[in-house]
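So for the sequence shown, this note's numbering puts the first residue at 563; every next one is plus one. Beta carbons: idealized from backbone N, C-alpha and C, even for Gly. Below is one structure; the comments refer to it alone.
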Amino acid sequence: MLLEAIQVARETPPGQRSPRTDAVLDDLRTHVQVGASFAFLLDASNWDDEQRDYVRSIISEAGRRLRGYGVVTSAQAAHRYVIEGEPLFLRGHEQINGEVVADLAEAIECLIQDQLPPVPVTDRHWFFGLEGGPRTL
563 MLLEAIQVAR ETPPGQRSPR TDAVLDDLRT HVQVGASFAF LLDASNWDDE
613 QRDYVRSIIS EAGRRLRGYG VVTSAQAAHR YVIEGEPLFL RGHEQINGEV
663 VADLAEAIEC LIQDQLPPVP VTDRHWFFGL EGGPRTL
């Protein structure tokens, strides 16, 4: 999802980008390269409200695109997602379901806007980006 968000930002005409787009993209690239599946901080102290809103908008667009792609193979990802001249793959997966990743993008957008549903049971946590939709564990 972050790789597609970076792609969205790259394709945005310079006049429509946030003035601090480069700083946001540097942070997103770092997340991708060191493993954003561990943690993706939306409240980074170095981001202002404009940058957070920009991240929300490119993640939202990335989710829409991924939903439209359907299945993305590792070969397609290696061709599409290149950072610093290096193709990035799908962390050992042969393919990913764009629908599932799009659901995660929607959850992140809801989180940023404080619109996630409450967890239905105490001591349970929501898990998004799973086949079959979000679950509580």
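- Annotation: Pro649 to Gln677 spans about 35 Å, alpha carbon to alpha carbon.
- Cβ-Cβ separation between Val683 and Gly660: approximately 30 Å, too far for a contact (criterion under 8 Å).
- For the set Pro575, Asp685, Gln569, Arg653, the Cα lying nearest the Cα of Gly625 is the one of Gln569.
- In the DSSP assignment, Gln595 falls within the unbroken alpha helix (DSSP H) covering 583-596.
- Residue pairing from DSSP places Phe689 in a beta bridge opposite Arg697.
- Of the candidates Gly632, Tyr616, Pro575, Tyr616 places its Cα closest to the Cα of Ile670.
- Per DSSP, reduced to three states, the secondary structure at Pro575 is coil, with no helix or strand assignment.
- Put simply, the backbone Cα of Arg618 is about 10 Å away from that of Asp611.
- Short of 6 Å from the beta carbon of Gln613, and not among the five residues preceding or following it, lie these beta carbons of its own chain, in chain order: Arg582, Val586.
- Setting aside the 5 residues that flank it on each side, Ala664 is surrounded in the same chain by Gly625, Leu628, Arg629, each with a C-beta closer than 6 Å to its C-beta; the list follows chain order.
- Annotation for Val617: the continuous alpha helix (DSSP H) segment containing it runs 611-631.
- Between the beta-carbon of Val662 and that of Leu692 there is about 7 Å, and that keeps the pair under the 8 Å contact cut.
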